[in-house]
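Protein sequence lines, in the order shown, are assigned to chains Y and Z. The numbering of the first sequence is the working numbering, which starts it at 596 and goes up by one. The numbering of the second sequence is the working numbering, which starts it at 1282 and goes up by one. Ideal placement from N, C-alpha and C gives every residue a C-beta, glycine not left out. The structure displayed is predicted, hence computed values, not measured ones.
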Amino acid sequence: MTPAPIRSVLIVGGGTAGWMTAAALAKALPKTITVTLVESEQIGTVGVGEATIPPINTFNQVLGLDEAAFMRATKGSFKLAIEFVDWMGPGHRYLHPFGGFGLDIEALKFHQVWLRAHHEGWAPPIDAFNLSAQAAHLNRFAPPSKDPGQVLSSLKYAFHFDAGLYAKFLRDYAEPRGVTRVEGKVAGVQQHGETGFITGVTLDDGRVLEADLFVDCSGFRGLLIEQTLQAGYDDWSHWLPNDRAVAMPCVTGGDGLTPYTRATADTAGWRWRIPLQHRTGNGYVYSSRDISDEDAVARLRATLDGEPLAEPNFLRFQAGRRKAAWVKNVVAIGLSSGFLEPLESTSIHLIQAGITKLLALFPDRGFDPVEIAEYNRLTALQVELIRDFIILHFKANARSEPYWVRARQMEIPESLQRKIDLFAASGRLFPSDLDLFAEASWIAVLLGQGITPRRHDPLVDAFDEAFLKSQLSRLAGLIRQTAQALPTHEQFIARYCAAPHASRPEFKP
Amino acid sequence: MRRVLIVGAGIDAWMTAAALATATRGLAEVVVAETGPPPVGRIAALPSLQGLHARLGISEPTLAQATEARPRLAARYGDAIEPFGETGVGIDGVAFHHYWLAAGRAGPLTDWSLAALAAARGRFAPPSPDPRSPLSTLSYGLSLDAAGYAALLKRVALAAGAKVVEGRPDADLKVDASGGERLLVAHEPWTDWSAWLPTGVALAEDGLISTFAPAPARTGRIIAAMTGDTIAVGTAYGAIGAGDGGDLHLLQGDVSRLIALFPTGPAAVAEYNRLAQSALERARDMAILRWGDLSNPPEPLARKIEQFQSRGRVVTYDDEAWPESAWIHAMLARGIIPQRWDPLADRVSAERTREMLSRMKAMLGQTAEAMPRA
């Protein structure tokens, strides 16, 4: 006998996590299940995740969003890469582009061929073999070709957008599809006397909202998952000591509307730069042990490339993950499930990954522990792989401040140490199927952070140098020409998805 | 790496030699100390073997001529048939078998497998590359004459520069490809799996549906595939008695991994051993599910069974040999029936689901009828 199906879902909290969840449930669930979202206009949303990674395209496609309309509504721009600046000391920079490098030669990995060229001293930078990187260098963009025979098909992209506007856009999607929005602040939570399952929440005006399944999108505090169900928290601050951020948008200046995010290492953390159509988002993620809030905001102001457009917005957090993202009838999605700094733009992706798993393991009223355990197992594995990738950036730095020396000296998870050792020896890499970051991402960051393999694959030596030289130079040439033929990022946006009022907004300090 | 010495015989030794000699292109000397008589009888191979043949430059006609290769579309273990390829078509991200469960299992799941339907009719056609064609859901394995196959691999290896040697000359890397004899690694500590796998299986009856029957096997593995300068591949490393193509697939995986890693330093050796163990254990779990003792399965298999039984969810790990559809058929064949299904399958009404299933079945049946006789 199949247990009774879920009749109702209550999403507690709006913001990016809440509305992404609401939109996806509205699209995917049978119409017999009611979906309600409660949020309060008095509670601000965090919205740090303004840069995304390519899987967001899948999410938007599943919902059936019109890309140009979504870009207009969120004042978005395109993203091809992250540029890491100063992580290996002043003036050093490298790109972590989307997509892979070059083409494998028979059974040989391209990066092994590149390594040989590098060891022999005739290799161009590896990003010469990635179209997203070359387009990023030239500030150019066009969507990839669907014809796999075209070089342009290798372009991979994501977006920069205003996360608040994205949430609003998804609200406009979800409400007509049956999601009910309730304005109100949660004042109390009711649990079943025996099981401890949550039966409903009481709002500050006395209204009660009941449901079979609750999705906790209440942010860092984890109103249901932590404050009520006490899931517990795995603290990762010994690896990722940054615990604060200050954000401040500014008028776009400097390098302009770049089709890439920039992450610049600084004395006690790193700064982001995310250009949108109407402004540039900036922030400084730092360790409060190493720099004061005043000094951090002063540093951020000093490095803006245009007039500030708002007062500084301070955030506090602790790196780690909720010990269980799903407890009883509560699933935590977004910041309520854990926090990793947005160095690799994973915040919105983690929301998406949570939603995808919730749909794949959507419960019934029996809330079978077997499925809850599987959700939690997969969540833990996925988040830990991302954690390792982020730790790599800090571990393999070459800066001299105490914060960075400490990072270099720290003990890292065994899973990451193994990857680094193997790559450092021979350039080999075997990422897990569950790893969000594929081989090319690891290669970009390992090389970028100065971990150059001591040897290349000896099988590359079976090819003669002239052959490889001609292959590599032909490939780099094709990629360069393809990138040069693209419209500029600004031209493309103007033609395709210009926001109606993308001019400079009012700001009265 | 100047010289690689392979000790062994038959398919294990010559597949290793052919792949290494082809990949190293003369950079390393590949020498084979042949130890035993060539194998006899016919053996089964999985669809994945075709990838290796492409790399070795073995064409289908060459293979057919040397080994009397015949396609196989499904395998029979006991009473149950497990087809290759896809079964049914998922809708809106929900896998097909959930709709089959939601509709009350109106007939065996194999009724929605083109491979099973064609095999039952004695018909065969190669898969279509056009994703809109039902033929694109097909996939096929092979049965081969073992001696002919070993001889073909030997020809490819010798043509690529491998040499047969007398005795066992010194080498930078020694490969034990001697199967159950474990000539170079006999002294390595052994992990015994006979409680899970008291027997193996062997090809009992050739055909589009190939039948496998229990066959004696000493199952288990040596602790580490690579120790010092010696690496054990295929059955020399681990034995699960998978005469249904699993053994050959594992051998192929070992050889590909050896080429991808060329393990020399400690980090690469550790990684090789980790990956080899993972691939072997995932294939072992399928062997246990198909013909082993399920009373106390290893933990990763226990989780798979639990998840499938609970709601038809297929858990896969890194380094799996078998696709999801194979796990589904193997679970059902062992009588593991999901208690529930993905509730998202209920977005489609029961009546429409039944209609869709019967349309799909009729369409696949017609496609199978239209295929040529094998």
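Discussion item. Rounding to the nearest angstrom, what Cα-Cα distance links L1029/Y and W1622/Z in this structure?
Written reply: For L1029/Y and W1622/Z, the distance between alpha carbons rounds to 24 Å.
Worksheet item: Based on Cα-Cα distance, which residue from P870/Y, A1061/Y, V892/Y lies nearest to T669/Y?
Response: P870/Y
Worksheet entry | Closer than 8 Å to chain Z by CB, A618/Y | no
Worksheet item: Name the chain Z residues whose beta carbon is nearer than 7 Å to that of E966/Y?
Response: S1591, R1592
Worksheet item: Is the region 1584-1595 of chain Z touching the region 1543-1550 of chain Z in the sense that three or more CB pairs, one from each, lie closer than 8 Å?
Response: No, the region 1543-1550 of chain Z is not in contact with the region 1584-1595 of chain Z.
Worksheet item: Does DSSP put V1321/Z in a helix, a strand or coil?
Response: The DSSP-derived three-state label of V1321/Z is coil.
Practice prompt. Over the uninterrupted beta strand (DSSP E) stretch that includes L798/Y, give me the two end residues.
Written response: 793-798
Discussion item. For E1587/Z, would you say it is in contact with chain Y, using Cβ-to-Cβ distances shorter than 8 Å as the test?
Written reply: Answer yes: the Cβ-Cβ gap between E1587/Z and chain Y drops below 8 Å somewhere.
Worksheet item: Measuring CA to CA, which of T1083/Y, Q822/Y, P685/Y is closest to F736/Y?
Response: T1083/Y
Worksheet item: Which bits of chain Y does P1319/Z rub up against, with CB to CB less than 9 Å?
Response: Within 9 Å Cβ-Cβ: nothing; P1319/Z doesn't reach chain Y, min ~28 Å.
Worksheet entry | Cβ-Cβ separation, V1313/Z to I1287/Z (assumed contact under 8 Å), whole Å | Taking C-beta atoms under 8 Å as the contact rule, I1287/Z and V1313/Z qualify, at a distance of about 5 Å.
Worksheet item: Where DSSP assigns a beta bridge to L910/Y, which residues make up the other side?
Response: Paired residues: A840/Y.
Worksheet item: With which residues is V1437/Z paired in a DSSP beta bridge?
Response: Beta-bridge pairing links V1437/Z to no other residue.
Worksheet item: So what's S1420/Z in DSSP terms, helix, strand or just coil?
Response: Here DSSP, grouped into helix, strand and coil, assigns S1420/Z to coil.
Worksheet item: From the beta carbon of L954/Y, is the nearest beta carbon of chain Z less than 8 Å away?
Response: yes
Worksheet item: Could you check where the beta strand (DSSP E) with E805/Y kicks off and where it finishes?
Response: 803-805
Item to complete: Tell me whether the beta-carbon of L1489/Z lies closer than 8 Å to the beta-carbon of L1382/Z.
Response: For L1489/Z and L1382/Z, no; Cβs fall outside 8 Å.
Item to complete: At 4 residues or longer, and completely inside the region 726-757 of chain Y: list those alpha helix (DSSP H) runs for me, N to C.
Response: 726-732
Worksheet item: Any idea which residues DSSP pairs E778/Y with across the strands?
Response: E634/Y
Worksheet item: Name the DSSP beta bridge partners of G1519/Z, please?
Response: R1502/Z
Item to complete: Let me know if G644/Y comes out buried or exposed under the rule of 16 or more other beta-carbons within 10 Å of its beta-carbon.
Response: Any reading at G644/Y needs caution, since the residue's pLDDT is 49, under 50, leaving its predicted position unreliable; the model's value is listed next. By the 10 Å Cβ count, G644/Y comes out buried.
Fill in: Contact list for R1628/Z against chain Y, beta-carbon separation under 7 Å
Within 7 Å Cβ-Cβ: P625.
Discussion item. Just list the residues that DSSP pairs D1473/Z with in beta bridges.
Written reply: G1501/Z
Worksheet item: Residues of chain Z with CB under 8 Å from D1056/Y, in chain order?
Response: L1308
Worksheet item: Can you give, in chain order, each stretch of the beta strand (DSSP E) that sits fully within the region 598-630 of chain Y and has at least 3 residues?
Response: 603-607
Worksheet item: What residues in the region 1591-1614 of chain Z have a beta carbon less than 9 Å from any beta carbon of chain Y?
Response: S1591, R1592, R1594, V1596, T1597, Y1598, D1599, D1600, E1601
Discussion item. In whole angstroms, give me the CA-to-CA distance for R960/Y and S1036/Y.
Written reply: 41 Å
Worksheet item: Is it a yes or a no for the region 1447-1466 of chain Z touching the region 1509-1519 of chain Z, going by three-plus beta-carbon pairs under 8 Å?
Response: yes
Worksheet entry | Neighbour list for P1008/Y in chain Z, Cβ cutoff strictly below 7 Å | Here the premise fails: no neighbours, minimum Cβ distance about 15 Å.
Discussion item. Quick check: what's the CA-CA separation for F673/Y versus T647/Y?
Written reply: 9 Å
Practice prompt. Check N1554/Z in the structure and name its three-state DSSP category.
Written response: helix
Worksheet item: Can you tell me the Cα-Cα spacing of A782/Y and G795/Y, whole angstroms?
Response: CA-CA distance, A782/Y to G795/Y, rounds to 11 Å.
Worksheet entry | Neighbouring residues, chain A, relative to F1543/Z (Cβ below 8 Å) | Absent here is chain A; the protein component of the structure consists of chains Y and Z.
Item to complete: Assess, as a yes-or-no matter, whether the region 755-769 of chain Y is touched by the region 882-891 of chain Y under the definition of 3 or more beta carbon pairs within less than 8 Å.
Response: no
Discussion item. Can you look up Y1380/Z in the DSSP assignment and give me helix, strand or coil?
Written reply: Under the three-state reduction of DSSP output, Y1380/Z falls in the helix class.
Item to complete: Just the chain Y side, please: which residues come within less than 9 Å of I1339/Z by C-beta, in chain order?
Response: By Cβ distance, chain Y contributes nothing, its closest Cβ being about 15 Å from I1339/Z, past 9 Å.
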